[in-house]
Amino acid sequence: MRTPPLAADLTVSAVARPAFHGSGAVAFSTKGEYGVRLMVQLARRYGTGPASLAEMATDEDLPRAYLEQLVMSLRDAGLVASTRGAHGGYELTRAPQEIRMSEVLRALEGPIAPMLCATDDPEHALVCDRSSRCTVNVLWVRVRDAISGALDSMTLADLAPQRVAGLDDLQGALTAS
Numbered sequence: 055m056r057t058p059p060l061a062a063d064l065t066v067s068a069v070a071r072p073a074f075h076g077s078g079a080v081a082f083s084t085k086g087e088y089g090v091r092l093m094v095q096l097a098r099r100y101g102t103g104p105a106s107l108a109e110m111a112t113d114e115d116l117p118r119a120y121l122e123q124l125v126m127s128l129r130d131a132g133l134v135a136s137t138r139g140a141h142g143g144y145e146l147t148r149a150p151q152e153i154r155m156s157e158v159l160r161a162l163e164g165p166i167a168p169m170l171c172a173t174d175d176p177e178h179a180l181v182c183d184r185s186s187r188c189t190v191n192v193l194w195v196r197v198r199d200a201i202s203g204a205l206d207s208m209t210l211a212d213l214a215p216q217r218v219a220g221l222d223d224l225q226g227a228l229t230a231s
């Protein structure tokens, strides 16, 4: 006679999940996380000229080679511009308060969708062959809309408040004069 598995064995196998970067059912990849951190660094430097990826990678403790890949998607989306040369680098194409986080994450991650059938990208809308008889699509669309709404309501300026001139800045300006 075979003995049933121990409850502890069932618990271990029941919670074993594939490894991924996020912590739940709806998650963004490292592209999204690192890309947002890069954009926040650019927002903090807005108006000071191009910033080097090497400097921002150091400030955020991120791999520069990965940032080089991410910045291409952000440039293609029209969110950042590059300048070549000794004092070159990257800068935002618009003020931080004009850049919605939904734009940033769509540029990095693609369409926002908890399930493929609930994508907000019209090109992907016909992917699911169950859409005519699906009874749960409304759930995924509502989840998508809630996430999109949260991202639409925030801008880069919300994550990178304007720097207030401190005493050190004033003393530096006085000495430089």
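Read left to right, the sequence shown gives residues 55 to 231 (the numbering used here).
For every residue, glycine included, the Cβ atom is placed at its ideal position computed from N, Cα and C.
query	result
At which residues does the beta strand (DSSP E) containing Leu146 begin and terminate?	Gly143 to Leu146
Tell me whether the beta-carbon of Ile153 lies closer than 8 Å to the beta-carbon of Leu162.	no
DSSP has Ser136 in a bridge; who is on the other side?	Tyr144
With 16 other CB atoms within 10 Å as the buried threshold, where does Arg160 fall?	buried
Output needed for Asp113: all residues of its chain with C-beta closer than 8 Å, excluding positions within five of it in sequence on either side, in chain order.	Gln95
Are the beta-carbon atoms of Val158 and Leu193 separated by less than 8 Å?	no
Using DSSP with H/G/I as helix, E/B as strand and the rest coil, what is Thr112?	helix
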